[in-house]
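Encoded as structure tokens, the structure appears first; notes follow it.
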Amino acid sequence: MSTINDAQLKQLIEASIFSADKPMSIDKLKTTVLAGIKVSNTKIKQILIDIEFDYSDRGVNLIKVASGYRFQAADHLGEMLGKMWQERPPKYSRALLETLALIAFKQPITRGEIENVRGVSVSSNIMRTLIERGWVKAVGHKEVPGRPSLYGTTNEFLDYFSLSSLSELPELIEPESLDLIAKKLESEFMGVSTQEETPKEQQL
Amino acid sequence: MSTINDAQLKQLIEASIFSADKPMSIDKLKTTVLAGIKVSNTKIKQILIDIEFDYSDRGVNLIKVASGYRFQAADHLGEMLGKMWQERPPKYSRALLETLALIAFKQPITRGEIENVRGVSVSSNIMRTLIERGWVKAVGHKEVPGRPSLYGTTNEFLDYFSLSSLSELPELIEPESLDLIAKKLESEFMGVSTQEETPKEQQL
Amino acid sequence: MTESQSTPPLPEQPVADVNNNDTTQMVQQALPLAFVRGEAVIDKPEDLFIPPDALEIFLEAFEGPLDFLLYLIKKQKFNIVDLPIQEITLQYMEYVDLMREMKLELAAEYLVMAAMLAEIKSRLLLPRNNVEDDDEEDPRAELIRRLQEYEIFKQAAADLDNLPRIERDTFLPHIDIPDTVQPEVIHPDVDFQELVVAFQVILKRAKAFTHHEITPEVLSTRERMSQLLERLAQTKDFVPFQTLFDVTEGKSGVVVTFLAVLELVKETLIEVIQTAAYGQIHVRSKPAEVE
């Protein structure tokens, strides 16, 4: 039996818990790193308490689990530490892109209306993904039985695609000018000549 | 940019170095756990120095290797900790070690050049093992007929041997200056006094 | 000089004398012992004659002819600088002959080395050219250079092997990651063109699609409809009609807002009231029906 001073013993126990790929029990310590070293269980326990205290305010803590002792990243660091690992979900499906396109171009639109156009049901998963991504949100309810949510796109959606507004879609622009349409609609709704109208005068 | 107090920052950096499966560089810290946190490189370095000091007398120490910072069991505990594992660590053949040494010291180097020094052919197996372990990689081609690959060592190679740069490798021995030998041989063989030798004549 | 004499090895002889000039004798003495013991890794009783397999094992202990030559040189305590080619060639040839006798497959490198040694030896035996010739050099020089270089890297490999390394001497900590730690999600990228294509596909597929005239104005209107609905949803109260307009948008912006309001009214998503003729107009989102 060899001897070892307390400081060395503490270092050894600490290092072996850190190095082990499974929790370390006192028994395991005694049959491996401490084999051939004369040391009581009480002593080992005292050292474990010391180590636990040393690490209580650090980035990693000593914790006791069923099968022994283990170092673990401090709980409260959880969210910040998560950035160490990155998860890449699969590419978006065609169903999702079509749903997003419909919401973008036909907003505000209900899920039922999307389903009507696409001819298939829209999975909750797709809506959830779009909402979690921050691209789509409920903007109101349609006053029909069931009061379904009406969906529209968000500013984040516009930012992502570097659009200042949905009207910037070059592929979908038709050559009719805004003025022309305004004129047409005004005469349709107001029954007035538009030549001299100012917006203020168009009040209902 | 969110802020965080110094104690939390230290805990976070400490925990992330412990959690990472590879050494952590300051850049890696900044793009992962510290992304979105306003903190200077100087500050991070200061914290690393603090952590290094905190652990200097513990069972694990913070050390700097080629690709960043990592914790490792204190050197002097190595032998005792080895007892924790039944499995024998991998042994590397002399052929592999000589090939690795040549690549490390004479990089970039072609396989043919390695073979010239060793006087035997280098098996594809050895090159594959070195590349699969991530210690060696092709760094380019030599512009000679056949354009053979030039090999060099990686940071992972240095990490494996706890080195922070190639300059930390053990120095090459110098059995005797080759020039000296050449001179001596020439004088013997040619019967010429070495005094009068011109550099040209000393070339081997 | 005699090249070699094939006499049987004398296993009982001790390590060869460095200064022994009888090279043939020295080779014979050195070989068996050296082959089975020496610095090689083979652990065989000292007094054993070379067992059939030992030579092969011995061969494996070397990294090739350079390694083997270095061994012979060190074993015989030859100074590499004064390398006695004659003696070392004899030893080497004995060894190669022995391998042949044992019918071992000789690596090509060993034969190349044998040829090189023989060539060096023959050049050394030729009468020296007395004419000053710049190109003339000691034929040993290249061999010695190679031996020295190999020795350097043989040692470097041994030094590398002695460095502390992961798995053998360096142990890395493993820690648990609490469940509270959630990996950061990196969302897939979407190109805007994909959206446009998706929409065109829908339009093609849905022939009965009624609002297939897509114009930027309609898009603006529908976008404005979403914005208005969202804004009105923030309060249950009526808001003044004119506050919905932003004059900084200019005429076209105001028209778009106006059209959006009309569309929302048409779809009964908002209520518009006017308490008196030419009075203030108020708008609110349609309240949920009260049970």
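Residue numbers (my numbering), protein chains in the order written: chain A, 1 to 204; chain B, 1001 to 1204; chain C, 2001 to 2291.
Just so you know, even glycine gets a beta-carbon here, dropped at the ideal spot from N, CA and C.
All of these numbers come straight from a predicted model, not from anything done at the bench.
1) Does the separation of the CB atoms of leucine 29 of chain A and isoleucine 49 of chain A fall below 9 Å?
2) Label glutamate 98 of chain A either buried or exposed according to how many other C-beta atoms from any shown protein chain fall within 10 Å of its C-beta, with 16 as the threshold for buried.
3) Are any of the Cβ atoms in chain B nearer than 9 Å to that of glutamine 2155 of chain C?
4) Within the 9 Å Cβ cut-off, does leucine 178 of chain A reach chain C?
5) Return the first residue and the last residue of the beta strand (DSSP E) that tyrosine 160 of chain A is part of.
6) Please say whether valine 2261 of chain C and valine 2283 of chain C have beta carbons closer to each other than 9 Å?
7) Between which two residues does the alpha helix (DSSP H) harbouring isoleucine 2166 of chain C extend?
8) Check the Cβ of glutamate 1014 of chain B against every Cβ in chain A and list those closer than 8 Å, keeping chain order.
9) What number of angstroms, rounded off, separates the C-alpha of glutamate 1014 of chain B from the C-alpha of serine 93 of chain A?
10) Between valine 2027 of chain C and the rest of its own chain, which residues show a CB-CB distance below 7 Å, the 5 nearest in sequence each way excluded?
11) List, in chain order, every chain A residue whose beta-carbon is nearer than 8 Å to that of leucine 2195 of chain C.
12) Do valine 139 of chain A and glutamate 2230 of chain C count as a contact pair if the criterion is CB distance below 9 Å?
13) Which residues bound the beta strand (DSSP E) around glutamine 1072 of chain B?
14) Under a Cβ-count criterion, where at least 16 other Cβ atoms within 10 Å of its own Cβ denotes burial, should leucine 1172 of chain B be classed as buried or exposed?
15) Under 8 Å Cβ to Cβ from leucine 77 of chain A, same chain only, skipping five residues before and after it: list those, please.
16) Please compile the residues from chain A whose C-beta is within a distance smaller than 7 Å of the C-beta of lysine 1083 of chain B.
17) If I'm right that alanine 2157 of chain C touches alanine 1066 of chain B with Cβ under 8 Å, what's the distance once you round it to whole angstroms?
18) As a quick exercise: from A:Glu52, A:Ser56, A:Asn61 and A:Trp85, pick the residue whose alpha carbon is nearest that of alanine 1020 of chain B.
19) Opposite threonine 1032 of chain B in the DSSP bridges: which residues?
20) On the DSSP letters alone, give me the boundaries of the alpha helix (DSSP H) that glutamate 2094 of chain C sits inside.
21) How about serine 2285 of chain C and leucine 2269 of chain C: are their beta carbons less than 9 Å apart?
22) How long is the line joining the alpha carbons of leucine 9 of chain A and tyrosine 1160 of chain B, rounded to whole angstroms?
23) State the Cα-Cα distance for the pair glutamate 87 of chain A and tyrosine 1151 of chain B, rounded to the nearest angstrom.
24) So, with DSSP's three-state summary, where would you put glutamate 1052 of chain B?
25) Only counting the same chain, and skipping five residues up and downstream in sequence, which positions put a Cβ closer than 7 Å to that of valine 33 of chain A?
26) For phenylalanine 2209 of chain C, which residues of its own chain have a beta-carbon under 8 Å away from its beta-carbon, when the five flanking residues on both sides are left out?
27) Going by DSSP in three states, glutamate 87 of chain A sits in which element: helix, strand or coil?
28) Rounded to a whole number of angstroms, what is the C-alpha to C-alpha distance between leucine 96 of chain A and isoleucine 126 of chain A?
29) Output yes if chain B places a C-beta closer than 9 Å to the C-beta of serine 19 of chain A; else output no.
30) Just to confirm the assignment: which complete alpha helix (DSSP H) runs, minimum length 4, are found wholly within the region 89-161 of chain A?
31) Counting pairs of Cβ atoms below 8 Å between the region 1109-1121 of chain B and the region 2162-2180 of chain C, do you hit three or more?
32) What whole-angstrom Cβ distance do isoleucine 4 of chain A and isoleucine 37 of chain A have, given they're in contact under 8 Å?
33) If alanine 1104 of chain B sits next to leucine 1166 of chain B, beta carbons under 8 Å apart, how far is it from one beta carbon to the other, in whole angstroms?
34) Looking at the structure shown, is arginine 2284 of chain C part of a helix, part of a strand, or coil, going by DSSP?
35) Hey, how far is the Cα of phenylalanine 18 of chain A from the Cα of threonine 31 of chain A?
36) Beta-carbon of aspartate 2169 of chain C versus every beta-carbon of chain A: anything under 9 Å?
Reading from the atomic positions:
1) no
2) buried
3) yes
4) Unreliable placement is indicated for leucine 178 of chain A, whose pLDDT of 41 sits below 50; the coordinate value is still reported in the next sentence. Yes, leucine 178 of chain A lies at the interface with chain C (some Cβ there is under 9 Å from its Cβ).
5) Tyrosine 160 of chain A -> not in any beta strand (DSSP E); alpha helix (DSSP H) instead, spanning 155-160.
6) yes
7) Note, isoleucine 2166 of chain C: premise wrong, no alpha helix (DSSP H); not H, not E.
8) Arg58, Gly59 and Val60
9) 40 Å
10) The predicted model places valine 2027 of chain C with a pLDDT of 35, which falls under 50 and marks its position as unreliable, so this point remains unresolved.
11) Leu97, Leu100, Ala101, Ala104 and Phe161
12) yes
13) 1068-1073
14) exposed
15) Gly59
16) Thr32, Val33 and Ala35
17) Contact doesn't hold; Cβ gap of about 20 Å is too wide.
18) A:Trp85
19) Answer by DSSP bridge pairing: none, since threonine 1032 of chain B is not bridged.
20) 2085-2101
21) yes
22) 27 Å
23) 33 Å
24) helix
25) Leu12 and Ser16
26) Unreliable placement is indicated for phenylalanine 2209 of chain C, whose pLDDT of 42 sits below 50; the coordinate value is still reported in the next sentence. Correct list, in chain order: Ile2202 and Leu2203.
27) strand
28) 6 Å
29) yes
30) 94-106, 111-118, 124-132 and 155-160
31) no
32) 6 Å
33) 7 Å
34) strand
35) 17 Å
36) no
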